[in-house]
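In this note's numbering, the protein residues as written are 117 to 209. A short write-up of the structure that comes next.
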């Protein structure tokens, strides 16, 4: 959490014995927001990843969001490692 912001990125659901991974990115500013805001989804969907937020010192109200590692489910329904690091930028409203 940075300045009251809660970030939720990726994850998985288990529906009818099938695991489904997600790449959505949601943000909530506590206690101002009453509803989650959807940001740009991460490029490669994954679950159980490491998320790192860093303030941009050169541009006020801008954040670097890094998402690293995690796993995805392949067509044979087996977990596979995601070994990439994705980065996105967003501006605080």
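By construction, the Cβ of each residue, glycine as well, lies at the ideal position given by its N, Cα and C atoms.
- Here residue 187 carries a strand assignment [DSSP, helix/strand/coil].
- Counting only residues of its own chain and dropping the five nearest sequence neighbours on each side, residue 195 has a CB closer than 7 Å to the CB of 187 and 189.
- For residue 156, same chain residues with a beta-carbon under 7 Å away, outside a window of 5 residues either side, are 141 and 204 in chain order.
- In the DSSP secondary-structure assignment, residue 139 is not bridged to any residue.
- Residue state for residue 154 is assigned as strand, using DSSP reduced to three classes.
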